[in-house]
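*Asks:* In numbering that gives the first Met the number 0, the protein residues as written are 0 to 272.
Glycine included, every Cβ here is placed at the ideal spot set by N, Cα and C.
What follows is a structure written as structure tokens; I'll ask about it next.
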Amino acid sequence: MSKQRPATPPETRAQATDAAVPALSPGLRLFELLEVLVGAGRALTLAEAVAASGWPKPTVHRLLAQLEAGELLAREPDGRRYALAPRLLRLSEAALAGSTQQGVRHAVLRQLVAEVGESCNLTALSGTEVVYLDRIESAFPLQFNLKPGTRVPIHCSASGKLLLAYLPAAQRQALLEGLPLARHTATTLTQREALDAEFRRIRKEGFSVDNEEFVEGLVCVAVPVPTHPPGGIPRCAVALQAPVARMSLAQAMERLPRLQAAALALGRSWKVG
0 MSKQRPATPP ETRAQATDAA VPALSPGLRL FELLEVLVGA GRALTLAEAV AASGWPKPTV
60 HRLLAQLEAG ELLAREPDGR RYALAPRLLR LSEAALAGST QQGVRHAVLR QLVAEVGESC
120 NLTALSGTEV VYLDRIESAF PLQFNLKPGT RVPIHCSASG KLLLAYLPAA QRQALLEGLP
180 LARHTATTLT QREALDAEFR RIRKEGFSVD NEEFVEGLVC VAVPVPTHPP GGIPRCAVAL
240 QAPVARMSLA QAMERLPRLQ AAALALGRSW KVG
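Written out as structure tokens, the structure reads:
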């Protein structure tokens, strides 16, 4: 009768599995896996995360569990897919707002405000809202004073509609599903069919407008910050806001070339992607 081989202790199995992963500190492994999920642009299953990372399944499963326990990732309702959690989104926003490129952002936005004559901002998606990462006010006494960190709805802001339009269809659907399309003004788009048509127009024309859809008397035009390398999903937008008492929507749209030039300058220097 042959001797039964002793079971391999769990910690030994984990060590053997981890040997197949390039030598990185545990913190860097977690960070690299987060980069995989962020780069995917959508929630991933365990199998998809394994395929995207190239790491062994037990290792990826363990790292996903750690990220979930740390509230950096969250399971979607189906229990299979891992998505970026609010804590990670808040952390990324804080890092972006305090990055070494803040001076560059300010310089670009200040120059843009000097050229277009109205307040301009830089925004990003944060869950089901848009967050202001940076903003320069115009010199006029009538201002809306939307400071960095301010959050606005995605469905009725120019930046929100713009960034939604460029998301993969499944990710856009997941964000909008169950989201109340609250009416803020008489021109707010509250029907999915109207929003879908707006998204198609935005992708075709490359810019978005807010025709008094969020705040009555306020118009806005937004353009995407190009990604590097080109062709990625835009994560940030540059927008011009103005009260209709000073600038009509048509006049705001005449400033599109200057907005696009500023967005390009930000993309080149800041490497947003």
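For residue 160, does the count of other Cβ atoms within 10 angstroms reach 16, so buried, or fall short, so exposed?
*Replies:* Residue mapping note: residue 160 aligns to position 161 of the sequence shown, counting from 1. Its Cβ being crowded by 16 or more others within 10 Å, residue 160 is buried.
*Asks:* Mark residue 266 as exposed unless 16 or more other C-beta atoms lie within 10 angstroms of its C-beta, in which case mark it buried.
*Replies:* Position 267 of the sequence shown, counted from the start, is the residue given in the question as residue 266. The residue is buried, with at least 16 neighbouring Cβ atoms inside 10 Å.
*Asks:* For residue 82, which residues from the same chain have a beta carbon less than 6 Å from its beta carbon, with the 5 sequence-adjacent residues on both sides left out?
*Replies:* For this step, residue 82 is matched to residue 83 along the sequence shown. Cβ within range, chain order: 42, 73, 75.
*Asks:* Within the region 194-240, note down every full alpha helix (DSSP H) run reaching 4 residues or more, in order along the chain.
*Replies:* Whole alpha helix (DSSP H) segments, 4+ residues: zero.
*Asks:* Find out if the Cβ-Cβ distance for the pair residue 236, residue 162 is shorter than 7 Å.
*Replies:* Reading the sequence shown from its first residue, position 237 is the one you call residue 236. Reading the sequence shown from its first residue, position 163 is the one you call residue 162. Against a cut-off of 7 Å, the Cβ pair of residue 162 and residue 236 comes out as a contact.
*Asks:* Would you check if there are 3 or more beta carbon pairs closer than 8 Å linking the region 233-253 to the region 120-133?
*Replies:* Segments in contact, yes.
*Asks:* With H, G and I counted as helix, E and B as strand and the rest as coil, what does DSSP make of residue 113?
*Replies:* Taking the sequence shown and counting its residues from 1, one reaches residue 113 at position 114. Of the three classes helix, strand and coil, the one that applies to residue 113 here is helix, per DSSP.
*Asks:* Tell me the residue span of the alpha helix (DSSP H) that contains residue 281.
*Replies:* A question about residue 281 goes unanswered here, because the residues of the chain that appear run from 0 up to 272.
*Asks:* Under a three-way DSSP split, which group does residue 86 fall into?
*Replies:* The residue you call residue 86 lines up with position 87 of the sequence shown. Residue 86: helix per DSSP, three-state reduction.
*Asks:* Under 7 Å, do residue 261 and residue 107 count as touching if we go by C-beta distance?
*Replies:* By 1-based counting over the sequence shown, the position of residue 261 is 262. By 1-based counting over the sequence shown, the position of residue 107 is 108. Yes, these two residues count as a Cβ contact at 7 Å.
*Asks:* What residue range does the beta strand (DSSP E) around residue 152 cover?
*Replies:* Walking along the sequence shown from the start, residue 152 turns up at place 153. Looking at the DSSP string, the run of the beta strand (DSSP E) that includes residue 152 is 150-152.
*Asks:* State the CB to CB distance for the pair residue 156 and residue 206, rounded to an integer number of angstroms; the pair is presumed to be in contact (CB under 8 Å).
*Replies:* Mapped onto the sequence shown, residue 156 falls at position 157. Mapped onto the sequence shown, residue 206 falls at position 207. Actually they are not in contact, since the Cβ atoms of residue 156 and residue 206 sit about 13 Å apart, beyond 8 Å.
*Asks:* Exposed or buried, which one is residue 68 when buried takes at least 16 other CB atoms within 10 Å?
*Replies:* Taking the sequence shown and counting its residues from 1, one reaches residue 68 at position 69. Exposed.
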